[in-house]
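Here my numbering is used: position 2 in the sequence shown is 26, and no number is missing along the way.
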Amino acid sequence: MSASPRLVILDTDPGVDDALALLYLRARSDLRLLAITTVFGNADVETTTRNALWLRTRLGLSAPVHRGAAAPLSRPRGHAPTHVHGENGLGDIDLGDFAPPPADPGVAHERIIDLVRAHPGAVTLVAIGPLTNLALALRAAPDIAGQVHGVTIMGGAFGGDGRSGNVTPFAEANLHNDPEAAAQVLAAPWPITLVPLDATMACVWPDTAASHLARHGDAGRFAHHVTRSYAQAYARHEGLAGCVLHDVAALVSLTTPALFSTRSSAVSVATSGERTGQTAWVADGPSIAVRVQANGPALVSHFEQALT
Ligand SMILES: [Ca+2]
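Encoded structure:
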């Protein structure tokens, strides 16, 4: 007998690697997707919501899609990284004549609250975009911190592999996009697992492997197709011959923690100056689990196996 699946709300800004995360989620019988909640980030929230709706149709998912925050809590929205995720947020693949249906009723952070309360102790929030929706949910309903099963976040960078940021020399994009939200979420009393660049940058899916997987079924074909321009961006900007599975790594951290090394500590997020969005180890505050290293090659083959 296998255990009942873990209930997941995916808070996301699709996003090429967000699309891969949804592919992985679909493949895992031990995860049950309760809802997709959207946030600005890789594109504006109209675009990320359209992309979530498109991905739901393309991947045959049934979870509701709830639209979330259009901007950070208390600052203007930064520029979307179109040089990485394309103008349409999905690597400029052709979305055909898709006419998006309206998003499902309910604002993202309110649905997060409702779903956590409806399944006390059972829901894991997996945040793979800016943390605005989670901060809004906490602010409106601090009780949910004691009712989630866990919170897994792709974000931050501690310089463990010599890399302290990807949007600035100091900061990773998800936390940099809304540093006030990140600081509030990381300081709240709920069980957090943080998956920073220190771990995710080890998870490079080689181009040759992506081409190979494209010959093995629809999931592989789609994964290869959606990552083409993203992989080219990484080749241009980082000299990598492949694409980095940031958001997939967050989900794998949930299903297969043995692929990571973990350090427990309180973590701060800078909210002003040139270091805005920077994460740092601190002595005071709730301790969180930080995946400081990943076995990248093992994670990549785990991902490929899930898709085939
Ligand atoms: Ca993302």
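Built from N, CA and C at the ideal position, the CB exists for glycine as well.
| query | result |
| --- | --- |
| Look at the alpha carbon of glycine 120 and the alpha carbon of valine 272, and state the distance between them as a whole number of angstroms. | 25 Å |
| Secondary structure at tryptophan 214, three-state DSSP: helix, strand or coil? | coil |
| Say the cut is 7 Å; is the CB of aspartate 271 nearer than that to a heavy atom of ligand 1? | yes |
| Is any heavy atom in ligand 1 found nearer than 7 Å to the beta carbon of threonine 36? | yes |
| What first and last residue would you give for the alpha helix (DSSP H) that runs through threonine 73? | 69-82 |
| Within the continuous beta strand (DSSP E) that includes serine 86, where are the two ends? | No beta strand (DSSP E) contains serine 86, which DSSP labels as neither H nor E. |
| Once DSSP output is grouped into helix, strand and coil, what is the label at serine 277? | helix |
| Pick from Ala76, Ala95 and Gln317: whose alpha carbon is nearest that of alanine 87? | Ala76 |
| Tell me which same chain residues have a C-beta within less than 7 Å of the C-beta of valine 140, skipping the five on either side of it? | Val147, Ile168, Gln171 and Val172 |
| From the DSSP secondary-structure annotation, give me the bridge partner or partners of cysteine 267. | Trp229 |
| Can you give me the start and stop residues for the beta strand (DSSP E) that threonine 295 sits inside? | That residue, threonine 295, is in no beta strand (DSSP E); it is neither H nor E in DSSP. |
| Measure the Cβ-Cβ separation of leucine 34 and valine 209 and say whether it is below 8 Å. | no |
| Can you confirm whether threonine 280, when its beta carbon is compared against all beta carbons of chain B, has any partner nearer than 8 Å? | No chain B appears in the structure shown, which is made up of a single protein chain. |
| Would you decide whether glutamine 329 is buried or exposed? Buried here means 16 or more other CB atoms lie within 10 Å of its CB. | exposed |
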